[in-house]
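Undergrad:
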Amino acid sequence: MFRALTIISVVAAVLVAIRAGRLLAGTSPADVKMGRYPLLEALIAFVMWMCLVVQVGTGFLGATMLGHSLRGFTLLLHTGCGALFAVSLAALAVFRAEPYGVSGPDSSGRFSLVQKACFWIIDLCGLGLILSMLASMFPILGTHGQHLMIKVHKLSALIALLATILYSGAAANRD
0 MFRALTIISV VAAVLVAIRA GRLLAGTSPA DVKMGRYPLL EALIAFVMWM
50 CLVVQVGTGF LGATMLGHSL RGFTLLLHTG CGALFAVSLA ALAVFRAEPY
100 GVSGPDSSGR FSLVQKACFW IIDLCGLGLI LSMLASMFPI LGTHGQHLMI
150 KVHKLSALIA LLATILYSGA AANRD
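Heads up, the sequence shown is in numbering that gives the first Met the number 0, so the first residue is 0 and it goes up one at a time.
1) Is GLY125 helix, strand or coil when you go by DSSP?
2) Can you tell me the Cα-Cα spacing of GLY127 and THR78, whole angstroms?
3) By how many angstroms is the C-alpha of PRO138 removed from the C-alpha of LEU91?
4) Given ILE129, which residues of its chain have a CB within under 7 Å of its CB, disregarding the five upstream and five downstream residues?
5) ALA41: which of ALA11, GLY66, ARG95 and GLN54 sits nearest, CA to CA?
6) Go to GLY56, then tell me how far its alpha helix (DSSP H) extends in each direction, as first and last residue.
7) Report the start-end ranges of each alpha helix (DSSP H) in the region 127-174 that is 4 residues or longer and not cut off at the edges.
8) Does the region 152-166 come close enough to the region 108-124 to have 3 or more Cβ pairs within less than 8 Å?
9) Out of THR73, GLN145 and GLY81, which one is the CA nearest neighbour of LEU51?
10) Can you grab the Cα-Cα spacing for the pair LEU38 / THR163, in whole Å?
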């Protein structure tokens, strides 16, 4: 079941990326809104997205779709990008807390309600991803608890991926 959901999610992500590319293909480079954010925030967002791409590639494609657990170089790559992802996600949550606040419209009107909700779902799932792996590294949970934390990690990753797809679709429709 989880493998089927993952395959459907990855296919949907590819379709959203293709659709977003088609929407932007008819615009000139001057029409694309560049420089919305300060340079530091844009750099942090870039690091987070690149880490997310590497983690989806190593985690979902390797462990879920091919059916084998992470090992060797892919495990090191996934873990290293996981640390960078955690730090950059926390930094983005601090930098973008006000514009992504769901209590009212942001002053610039840059983000829709769907984008705001997806941002906070991604943040909460990111926290679940971080805590589930940290909890599974310590022997306090026992073997059953560690297996449970791996399931929580996979489910949090899938929900975060789905929220990312929804966010990308909402951003493509908004731009």
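From the three backbone atoms N, C-alpha and C, an ideal C-beta is built for every residue, glycine too.
TA: Concretely, from the data shown:
1) helix
2) 15 Å
3) 31 Å
4) ALA85
5) ARG95
6) Per DSSP, GLY56 belongs to no alpha helix (DSSP H) and is neither H nor E.
7) 141-173
8) yes
9) GLY81
10) 22 Å
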